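Protein chains in written order, with my numbering: chain A, 592 to 1076; chain B, 592 to 1076; chain C, 592 to 1076.
All C-beta atoms, glycine included, are put in the ideal place defined by N, C-alpha and C.
Keep in mind it's a predicted model, so treat the numbers as computed, not measured.
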Amino acid sequence: MGCVQSFRNFCDRPKNTNVRISLPAVCFVWQIAMIILFGVFIRYNEEADTHWVEYRKKENISSDIENDFYFRYPSFQDVHVMIFVGFGFLMTFLKRYSFGAVGFNFLIAAFGLQWALLMQGWFHSLDYTDGKIKIGIENLINADFCVAGCLIAYGAVLGKVSPVQLMVLTLFGITLFAVEEYIILNLIHARDAGGSMVIHTFGGYYGLSISWMLYRPNLEQSSNLQGSVYQSDVFAMIGTLFLWMFWPSFNSAITDHGDGQHRAAINTYLALASTVLTTVAISSLFQKHGKLDMVHIQNSTLAGGVAVGTAAEFMLMPYGSLIVGFCCGIISTLGYIYLTPFMEKYLKIQDTCGIHNLHAMPGLIGGIVGAITAAAATESVYGKEGLVNTFDFVGPFKNMVPTTQGGHQAAGLCVAICFGIGGGIMVGCILRLPIWCDPADDNCFNDEPYWELPEEEEIIPPILHYNNHMVNKDVVDTNFSMEQN
Amino acid sequence: MGCVQSFRNFCDRPKNTNVRISLPAVCFVWQIAMIILFGVFIRYNEEADTHWVEYRKKENISSDIENDFYFRYPSFQDVHVMIFVGFGFLMTFLKRYSFGAVGFNFLIAAFGLQWALLMQGWFHSLDYTDGKIKIGIENLINADFCVAGCLIAYGAVLGKVSPVQLMVLTLFGITLFAVEEYIILNLIHARDAGGSMVIHTFGGYYGLSISWMLYRPNLEQSSNLQGSVYQSDVFAMIGTLFLWMFWPSFNSAITDHGDGQHRAAINTYLALASTVLTTVAISSLFQKHGKLDMVHIQNSTLAGGVAVGTAAEFMLMPYGSLIVGFCCGIISTLGYIYLTPFMEKYLKIQDTCGIHNLHAMPGLIGGIVGAITAAAATESVYGKEGLVNTFDFVGPFKNMVPTTQGGHQAAGLCVAICFGIGGGIMVGCILRLPIWCDPADDNCFNDEPYWELPEEEEIIPPILHYNNHMVNKDVVDTNFSMEQN
Amino acid sequence: MGCVQSFRNFCDRPKNTNVRISLPAVCFVWQIAMIILFGVFIRYNEEADTHWVEYRKKENISSDIENDFYFRYPSFQDVHVMIFVGFGFLMTFLKRYSFGAVGFNFLIAAFGLQWALLMQGWFHSLDYTDGKIKIGIENLINADFCVAGCLIAYGAVLGKVSPVQLMVLTLFGITLFAVEEYIILNLIHARDAGGSMVIHTFGGYYGLSISWMLYRPNLEQSSNLQGSVYQSDVFAMIGTLFLWMFWPSFNSAITDHGDGQHRAAINTYLALASTVLTTVAISSLFQKHGKLDMVHIQNSTLAGGVAVGTAAEFMLMPYGSLIVGFCCGIISTLGYIYLTPFMEKYLKIQDTCGIHNLHAMPGLIGGIVGAITAAAATESVYGKEGLVNTFDFVGPFKNMVPTTQGGHQAAGLCVAICFGIGGGIMVGCILRLPIWCDPADDNCFNDEPYWELPEEEEIIPPILHYNNHMVNKDVVDTNFSMEQN
């Protein structure tokens, strides 16, 4: 710990937020690298290639509608909306950081998905006959998923980092994600359709560890901007609702065709509905006068979707989904009330969006629920074929049984936590270097350092409105005089 | 009527808006009840169960793509967006009730859909072999539809009730809806794909009756907050547009596979387009200087979608859809201009969102259009098989002919009106009890009683009143003097 | 040019913005005309008609899921969102023109799609056996596409025209579009899945030419309103993101079933991701202090989707898409920085939204990329059948080869430019007539002439900000004093 502290002292840096060289440099270099790597490695798979018509005949596929595109494209678009509008607008709640919330979310997601296509492609979609990665719609969904992990981490450091730091956070985050995912899904053979472990647990702890490494003892200097205004809370509800509504698509996007997607959507729909009620209940119960807190409504209502991610494709049963949502609404809201202040004060983790309550904890719960549900699976409930299909007990895993699967699920969860914390500390070290143009402690949660703001806003709205809108200045003057006399 | 008046006097209640006990209690009790009832009754249907793979073989279904999920999931998600973003944001037009509009809409929809799955399940999806309700994607859509009826009713009482009252309104609303729907669709054998009768007419009159029962003679005390501001009108347009765009999905979501869904989407698309033009025309024509009124654009443009709900799956013909939309744009806009003030003044019905013009009247028109279109159906237009499929002339109804179907449609419409008015009066009686923590007459249309507002915002209202409505001049004057001295 | 000038002088008109007669008249007359024309011409096609069940048997279609509805409906709804929310909210960036942006966009799109169904129907969907246009889901998508051309043109004249002028712009725009499209796609046999040429190039030059004809030398009188405020920029990001996310659906909506739609979606997804990074890079690099400009983020990030429109269905390869996006982000952002001011100053083209940088230039690039990609196609890459399918080398075109196809693509691009410029000048002449109730030079970019505005907003903002946001009270006080002395 002393080592960390001295490293912190070493990095006592002067604050210069001018990213005019570094940001364009990073964007250009990385985008050119992407073009070269895509040129070398990435091609269409047989369902997106013009050879599809021949492939169809060869594989005896009766209709174009059985192209995977039609199974997954609607879910893909919903996931896409969650990534860009959902995550982006959810973070607009701060009164003066809406440009950064939506804009940097946009930037790192657009970069991240390219890098994710490569990283995940090498692990999962490499065609060994020609050394090319063959991509189709499922790869796009997985790339969006991969990006989600980094956007979750962004939530912890929202308003306290520069766009260059975010690009670095994303580069490493995607890399770590792809490795962790390969270990969990392929080597350990855990199932994680909605990514409770792979996405949310990893992303949550990754972000929290980075935030811990970047701890700012004097952050209260920016406390006047670390809150919402009425309008920004309404904007944030756009993010909340699109995440909430499309979460069934998120959890069902890459599950098995047919019953797998169908069941995952139903389970998620129910878990989320249940979460809303307990979130409202706890929010009201723990507030003086019983008033609801927008922070809880914006965030905790989503916890059920996270927590049902792993088990959504299993036979969790409708009431099981409701129970998971019920518990998560309570735990997540209590987390916002008690745990977030505690972590900031005693653990020195400043978690702007409360991702611990929305992603990390519900992700953990999701991993545990998944392990239990898997371990409890029986042939009488799933059917003989259903059990094999659902848990993919084929090939080298054909001798697995539900109880061992439960153990593998738990192992997967541990891997996700380790990668999140370990990776976060490592990347946090890098991000502490005094070269990243991050804002000073008294200039956090502010769009001003990185965005050209509309003129009048920078000076004084009242005067500007006064001068601009008022064609009839005399009337106003008169009004003002009247008021004062 | 004297009895109603004396009941009103009896309920002359002190106003306490602290819901700290009642709201959590209702949420917890009802959610736990849901879990128990779901545990006892609800299971996946054969298309969402892991036995699907065996079912497929047994039923000789050639591909996973024929799982009902793929026919309906895109429409389901569109409907889901309408319920949560569409209805929620449409009601954000009030200057200080955006949290309540979006937040309470969220709460009651999330509760309502669970209760709807049970209520509708008992009537429509009960498997008599094991006494379980078997749910799939179509049940989720129907649950969302059912919720829509209650959200419509919310529009009439927006800003004047507590969240606890809304939960009660929803509990009874869903129950009444399910019974009414069963009578109309199954016993009477009326067709109502888009729910002109079942959803909009019922929901509209249900809400209006409740609003009548909850009449507030001194509501003008809150008149300073019963209007929009520039930003809130733009937020409301988000709701309008998502409702407008996705209405074709709403009306086609549960129609027959193939041509049924296809035709319903086309008809709705056209009716809505036509409505926009006549709404703009009437709005401009009846306003001094020809200026457009945002209230009309936000609401009346949607009337065509309501009015084409019943007939959307019939051979209404493209021009028929345009005519329906044409008339509804005119009627609905005139309703806002003349009928809403009339109803408030003479019928003592305070209709915050004007649901009479957007849902009740267009719903009535939709029911009538449906009856006429059904009665006018001929084998030459529909084809022999087409007629049977479209009107479902099978089983006990195989001897029905279009003219009798027209009569049944009309009967269905009457049932919807009766349930709406009767149910609304009954529930209104319950909601008048002085136990629900609703706001006082001078505190309506205000988020303050039920929401923690961002600090700084709480200072605004006096100033706001000052310049416009001049309520408490003294406070403001003092403020100004202080600033300048 | 002298003739144009004298025409301009002739049209030195008094400004009266009262549209109380003209707007309702246009709306009613045109909507009634639509009803009559639809009655005479438009019917459902065999996939939306109740005869589908018989058609299915006759054509030996094995399942309802092969109805074109299920191939295209999800994409259709995404395109629909782009048209109404995407284009509408993208234009809300102006501080006082949000009602006009969203509302007039809504109006002209709703009218335009009806007229487009007719115009495109006569060219493409006329059933010669009975003289009727048979419509299905693909016609709805094409109607939305057709409308997009006019909405692009609206961007150039945003805030400077009356709703009546917009209706005229749309009527002629749709007409020109349908003719141009028929020439390019059917006569010249160019391919243009995403409409780089047909939609964006045409729409862009159509709008620019109209704006040139309507040049306002004294527009700087409205310069105080020709900018954004913080909130309006966030609203505009809603438009940007929905356009960005759903552009893969736009470019793939009417491509071939199976691999065609699949590939077009992938290519567009990648091009757009690449564009974001170079837009950010250039925006930061060319701004003092390296701050990002919201105008660039809102607009230039979309240029990649435009530029990949034509080639999206070809074997452009993933790296090809990235390269196209890379270049367009640079060119489009530089356009905003250098070209827009240049065009306003020297070419007398006032382009409110910068459609030249977002649509016209990227559209040109898209046409060129399409021509090159087509000319470079080989049987070894596409496969024998794939080549024929992709370029539709059938019927009268069965002897075409890729190189000639490349030439035809280039010819198509020229036609689009000619129609855009020629049509724009013609329609611009009409719109210069002093009868359209457009706003005076000092009243542009203002909702006030055509919309009933919420009362208080015109007075509040100063007070509101004054009491809450102002840290530096002294400045304000001084200002206030200045005003009052």
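The Cβ atoms of C/Q705 and C/N730 lie no closer than 8 Å to each other. Taking 8 Å as the threshold, the shortest C-beta distance from A/W838 to chain C does not fall below it. Of all C-beta pairs linking the segment 932 to 948 of chain C to the segment 879 to 898 of chain C, three or more are shorter than 8 Å, placing the two stretches in contact.
Per DSSP, the unbroken beta strand (DSSP E) holding A/I724 starts and ends at K723 to I726.
Annotation for A/R854: no beta strand (DSSP E) segment contains it, though the alpha helix (DSSP H) segment containing it runs D850 to L876. Separation of the CB atoms of B/K939 and B/Y796 is rounded to 15 Å, and the pair is thereby denied contact status at 8 Å. The contact set of A/H880 on chain B, defined by CB atoms closer than 7 Å, consists of N609 and R611 in chain order. Contact of A/S689 with chain C by beta-carbon distance below 9 Å involves Y821, Q822, D824, V825 and M828. C/L868 and B/L955 have their C-alpha atoms spaced approximately 53 Å apart. The beta carbon of A/I921 lies closer than 7 Å to those of T869 and I873 in the same chain, with the five residues before and after it left out. Under a criterion of Cβ atoms nearer than 7 Å, the residues of chain A adjacent to C/Y860 are, in order, L731. A/Y821 sits in a helix when the DSSP states are folded into three classes. When Cβ-Cβ separations below 8 Å define contact, A/F680 makes no contact with chain B. Closest in C-alpha terms to B/S923, from the list B/V886, B/K936 and B/E935, comes B/V886. Inclusion of C/A707 and C/C737 in the CB contact set at 8 Å is warranted, their separation being smaller than that value. Residue-level contact check: C/M885 touches chain A, since one or more beta carbons of chain A fall below 8 Å from its beta carbon. Within the segment 658 to 742 of chain C, the alpha helix (DSSP H) runs of at least 4 residues that lie entirely inside it are, in chain order, 659 to 672, 678 to 681 and 689 to 715. Assignment of beta-bridge partners to A/E1043 by DSSP yields C/D884.
With a 10 Å radius around the Cβ and a threshold of 16 neighbouring Cβ atoms, C/K882 comes out buried. Among the CB atoms of chain A, none fall inside 8 Å of the CB of B/W1027.
Between A/A864 and chain B, the shortest Cβ-Cβ separation is below 8 Å. When C/F632, C/A1031, C/L925 and C/P1040 are compared, the shortest CA-CA separation from C/S813 is found for C/A1031. Taking C-beta separations shorter than 7 Å and ignoring five residues to either side along the sequence, the partners of C/M673 in its chain run F833, L834, F837 and F841, following chain order. Note on geometry: alpha-carbon atoms of C/G1014 and C/M804 lie some 11 Å from one another. Scanning the segment 962 to 1048 of chain C from its first residue to its last, no whole beta strand (DSSP E) run of 3-plus residues comes out. Contact between the segment 967 to 983 of chain A and the segment 621 to 641 of chain B is present, with at least three C-beta pairs closer than 8 Å.
By the neighbour-count criterion, in which a residue is buried when 16 or more other Cβ atoms sit within 10 angstroms of its Cβ, A/K686 is buried.
Closest in C-alpha terms to A/F984, from the list A/V1018, A/N777 and A/K936, comes A/N777.
A distance below 6 Å between beta-carbons, with the five flanking residues on each side excluded, links A/F662 to the following residues of its chain, in chain order: H848. When the Cα atoms are used, A/H671 and B/S800 turn out to be separated by approximately 42 Å. Only V972, Y973, G974, E976, G977, L978, N980 and T981 from the segment 968 to 996 of chain B bring a Cβ to less than 8 Å from some Cβ of chain C.
In chain order, G750, F1036 and D1038 place their CB closer than 6 Å to the CB of B/Y688, counting only its own chain and leaving out the 5 sequence neighbours on each side. For the options C/T831, C/S875, C/D721 and C/G998, the alpha carbon positioned closest to that of C/L863 is the one of C/T831.
Assignment of beta-bridge partners to C/Y635 by DSSP yields C/I726.
Remark: C-beta atoms of B/I790 and B/A781 do not approach each other more closely than 8 Å. Comparing alpha carbon positions, the residue from B/I699, B/L1004, B/V1006 and B/E811 closest to B/P754 is B/I699.
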